[in-house]
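Encoded as structure tokens, the structure appears first; notes follow it.
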Amino acid sequence: MSEQHYPLVPAQPSYPEVEERVLARWRKDGTFRRSVEARPEGPEEYVFYDGPPFANGMPHFGHLLTGYVKDIVPRYQTMRGHRVERRFGWDCHGLPAEMETEKELGVSGRAAIIEYGIDRFNDYCRKSVYNYTEQWQEIVHRSARWVDFKNDYKTMDLSYMESILWGFKTLHEKGLLYESFRVMPYSWAAQTPLSNFETRLDDSYRERTDPAITVRFELVPESGEPPTRVLAWTTTPWTLPSNLALAVGPEIDYAILEGNGERLILGAALVPKYESELEGYEPVGMRKGRDLVGRRYEPLFPYFSDVEKAFRIVGAEFVDVEEGTGVVHMAPGFGEDDMDVCRAEGIPEVVPVDDAGNFTAEVVDYAGQHVFDANKPIIQDLKARGAVLRHESYVHNYPHCWRTDEPLIYRAMNSWYVKVTDIRERMVELNQQINWIPGHVKDGIFGNWLAGARDWSISRNRFWGAPIPVWKSDDPKFPRMDVYGSLDELERDFGVRPDDLHRPAIDELVRPNPDDPSGKAMMRRIPDVLDCWFESGSMFYAQNHYPFEKREWFEEHFPADFIVEYVAQTRGWFYNMMVLSTALFDRPPFLNCICHGVAMAEDGKKLSKRLRNYPEPTEVFKTHGSDALRWYLVASPLLKGGDLKIEIDGKPIGDVVRNVLNPLWSAWYFFSLYANADGVVASETREASGVLDRYVLAKTRELVDRATEAMDAYDIAGACQAFLAFLDALNNWYIRRSRPRFWKSEQDADKQAAYDTLYTALTTACRVAAPLLPLTTDEIHQGLCGGESVHLRDWPDAEALPQDAELVADMDRVREICSAAFAMRRGEKVRVRQPLASLTIAGAEMNRLVPYVDLIEDEVNVKEVRLSPEITDFADFRLQVNARALGPRLGKDTKEVIAASKQGQWKRDGDGVEVAGHRLEEGEYELKLVPKGDLACHALPSGDTVLVLDFELTEKLVREGLARDVIRAVQQCRRDAELNVSDPIVLSLKLPDELRAAVSDFRESVAEATLAERIDLDEGLLGEDVFRQTTRVGSHDVEVALQKAKAA
RNA sequence: AGGCGGAUGGCUCAGGAGCAGAGCGCCGGUCUGAUAUGCCGGAGGUCGGGGGUGCAAUUCCCUCUCCGCCCA
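One gets the numbering used here by counting positions in the first sequence from 1 and adding 10 to each.
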């Protein structure tokens, strides 16, 4: 046995085992750190920002997908020579943590938390952040994602939070913050306002049945007028006690109806909808809305009857007659439009609802009742007073809180806002500097969202978050507001340097108001904390404690070269970073951004832990491995922004093993098997002489070119596609056709060339696929290159490999010819082992096929390949018009030309052709070959080549075919006997006469093919170590006996 | 409600104004001294409904219906 220079590998490995092995090696060797540190710091660095996930559960396929992309691109850029630091980030603050803590501690609501103690509450939140970090690290590690956990950032770190203070103060100084009392979506269950985009992030709109009532409002009578009532419609009866006005559309027609001793006013277009209620009422007039404006009415409830300027009909453009009565009841404390209209009219708002959604004492009759519970008694009261014309149920989509699932209300609140509208235009401009993948996101989903951006509410009336660094005087006689942007500033004014910026410690910083000479007024922090989105959107500066540390580092690492998250983050993280980056630095926060689609469960629904509608990622790791999952996800439509249904049994992931991992491994197995058998050491080569070697090197070059182009365009699926095409050429053509060169016993230059070429193709392929299959390729690469990790290598240099487009085109044509020949054999039901006399190839440029004649003869198993330029002997031309080129020129006649060409009604006309009275020039048509009907003929799909296969069999050909059948039987026997591929044997065959004659005729080739030193056809093989087998060849039984030949 | 995406073979999805594609599944065949988890071939689709623009629409426009997603 020769010396072995490569590991012996199994034909089919357990990929999960391979992966565990590679992971252990990485850990032991510190491969990740080494790969980063091997690249220089400085301007050549490639900057990646990791979006912080909120880890309140185990990662699912969606997280993994993002993680894979977060790994692939940095690995690629690292191989391209760039240093890529990868810090993991954790999103720690905000409602998700608070809600979880409320549930686990059994305290619910602001009051309960304050009673429980903000310090204890926040301590629990702080701990809960760590609940899943370990499992996350484990899964991220197992998925072969390289990311730095040790040096991670957390949004709750003191340094991070100090940067947040800086960001807030800087916005304030730039005049981009304001405080305002406005109507906002409010979660009474979470006891916090939500920003407008939070109400759109989750699928928060969902069906809800509410009461809808049509209410009579009694007008203050004008002289001589019978009792007159205006009808208004609402689905929120609980806002009626806060009603302060009624709105009509100035241009809308309102009908006046009379009956039952009263007059009713409602939108004329809506009268038919109230047919049954209005029976007995007669129309007595019609008024435009503007003629109703200014009329006073009686308050429905007494609670706010003294509010100035209230209880009038006002005009509002937004009123329509789509629904209701064409008259809108206005409660300016609970509706955005209502507040706008009423403020314009000088009507103040009233908000008699507390933080928990209960009526306050102002509304005496319902005080303490939750607003939704109060709907019922309010309706009953109104009915008792005869104020309700109709009471119905109304099913509509209604916004719900994304954390608590409870319905939101709209409520006027005090909140801090970022003046996004001031920088909106600039964001739209800066967005043009960003390369979005897929491209339509830029001016589609993201661009549109930016263009319609609204001011961002960033204060939360909660506990676990970065504090709003605003201190106000507690005495309105000495108004003063201080905004702090650093620990230094806090220390300067309060005399202590906080080591924790969380509540309640931060609230304890109090000092006398310097503007109050008596010293009694105190400066106190406003109790709100920041929206946690403000914090994650600040990561690009806060993760490195900007501007307090590493300022230069920041300058060099901003904006990011690359980020990736799923597409909905166009409303979340992408957007918030854009706002803050534009506001603070007037630059885009990132330059390339992949938005991937949504991984869904097999049932087409979103992945749901509760429904368990998806397999555990860890199970997939155990069965198919991480590389297969990685490939499955990133080669899918997900990266083009599409959604993907993940099958629960993971079958498509198994397909990846079969279609990607196995072919790659098979090539590696083949190499190691024969290289070890021959004791060969292969090395990389840049040139070759044989057509097969030159072909596969050119294919390798093509792989590098295509993959580079794809990866540079962030088209990961495209890189996968290129790799698959290469694997096919390598396995099913190069290796398949080159096998005899590896088998032969001479250790000559041709054999070495074959090894070197295969070695080059394999090592290059591993490097190209390293980001896509980091574990499997590393195992193979280490085997090929003496233990060197593929991830420490550079991306292959395409220029080092020969480019030969002509050779590739010719060889691909040859492959097509062979494929077509096999199809013809199948048509005639003639097995490939049966040699045929000849294959005639007719078509253009036949001379280019000359170097491949032997190869075709061998592959197709024919004695002779004839190349013929006489195409018309075998085939006719069919005219195929190029409608795309012709259409613009011929217009209406195009159809006729197409029809005529299909019927063969055309003739050649010099350089062109004539069809239906038109002359077609070159480029406007193509001539395709169609075999003549009576020949065993086959045309290539390209239409430029036809094949004729001679199926006439001579006695000799038949015998040769039979001999090959016997060879096949012997080879099977060798394999069943578990012989080594290079073991010589002694062979004995017991054959029927026909086969015996065939083997006699072709004794030499049988012996050569089966490595038989001796073939015995008469006496049979006797002895201990004889392997015997009876198999069927055609319709005959054949007895094969063989024995490993004794070493000479 | 809104924003966005989607509807193409049994399934998962590409494509894109000019003879409808891939993978899987199915059916049939078959090479093999690396790989039958391979290779070759085949069947299978009036490209969701309706309207419009065009010489030409599955593709562009309008509309309807249905589905999906919305802190990865």
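Think of the CB as a built atom: it goes at the ideal place given N, C-alpha and C, for glycine as much as any other residue.
Give the DSSP-derived three-state secondary structure of residue i in the structure shown.
i, result
"N253", "coil"
"F42", "helix"
"E1049", "strand"
"L989", "coil"
"R436", "helix"
"Y264", "strand"
"P898", "helix"
"D715", "helix"
"A199", "coil"
"H450", "helix"
"A65", "coil"
"V800", "helix"
"L702", "helix"
"W916", "strand"
"L211", "Unreliable positioning characterises L211 in this predicted model, as indicated by a pLDDT of 49, which lies under 50. A coordinate reading is not provided."
"R858", "helix"
"D1065", "The shown model of the chain, from 11 to 1058, leaves out residue 1065, and the question about it has no answer."
"F159", "strand"
Quick check: residue i and residue j, are their CB atoms within less than 8 Å of each other?
i, j, result
"V361", "A255", "no"
"V940", "V1043", "no"
"H606", "Y642", "no"
"L639", "I604", "no"
"F98", "D162", "yes"
"G259", "G367", "no"
"S546", "P62", "yes"
"W156", "D39", "no"
"A611", "I656", "yes"
"S1010", "G1030", "no"
"L794", "L772", "yes"
"P598", "Q443", "yes"
"W100", "V150", "no"
"L957", "I827", "yes"
"F736", "K709", "yes"
"D960", "L859", "no"
"V1016", "A1022", "yes"
"Y313", "V374", "yes"
"W916", "L896", "no"
"R843", "G922", "no"
Apart from the five residues on each side of it in sequence, which residues of its chain come closer than 6 Å, Cβ to Cβ, to residue i?
i, result
"Q14", "N686"
"E1049", "K1000 and T1040"
"N445", "N602"
"A854", "D954"
"D348", "M340, A341 and P342"
"A729", "A717, A720 and M721"
Who pairs with residue i in a beta bridge, going by DSSP?
i, result
"R888", "K938"
"Q731", "Answer is none; Q731 lacks a bridge partner."
"F227", "V240"
"N132", "Partner(s): none; N132 has no beta bridge."
Beta-carbon within less than 7 Å of residue i's beta-carbon, same chain only, minus the 5 sequence neighbours each way: which residues are those?
i, result
"A21", "Y679"
"R9", "In the structure displayed, the chain extends from 11 to 1058; residue 9 sits before or after that span and is not available."
Take residue i and list the residues in its own chain whose beta-carbon comes closer than 8 Å to its own, dropping the five residues that flank it on each side.
i, result
"F564", "Y551, N554, Y556 and P557"
"V317", "L254, I357, P358 and V360"
Item to check | Three-pair Cβ contact test at 8 Å for the segment 701–708 versus the segment 753–770 | outcome: yes
Next on the checklist: With three or more beta-carbon pairs closer than 8 Å as the criterion, would you say the segment 347–359 touches the segment 273–280?
Outcome noted: no
Next on the checklist: Contact between the segment 881–898 and the segment 843–854 is defined here as three or more beta-carbon pairs at a separation below 8 Å; is this criterion met?
Outcome noted: yes
Next on the checklist: Measuring CB atoms only, is the segment 663–675 touching the segment 783–791, in the sense that at least three cross pairs come out at less than 8 Å?
Outcome noted: Three or more beta-carbon pairs drawn from the segment 663–675 and the segment 783–791 are found closer than 8 Å, and the two stretches are therefore classed as touching.
Checklist entry - Looking at C-beta atoms only, is the number of pairs between the segment 444–463 and the segment 375–393 that lie closer than 8 Å three or more? => result no
Checklist entry - Contact between the segment 187–204 and the segment 462–478: three or more CB pairs below 8 Å? => result yes
Next on the checklist: For the pair the segment 101–115 and the segment 530–547, tell me if three or more CB-CB distances fall below 8 Å.
Outcome noted: Segments in contact, yes.
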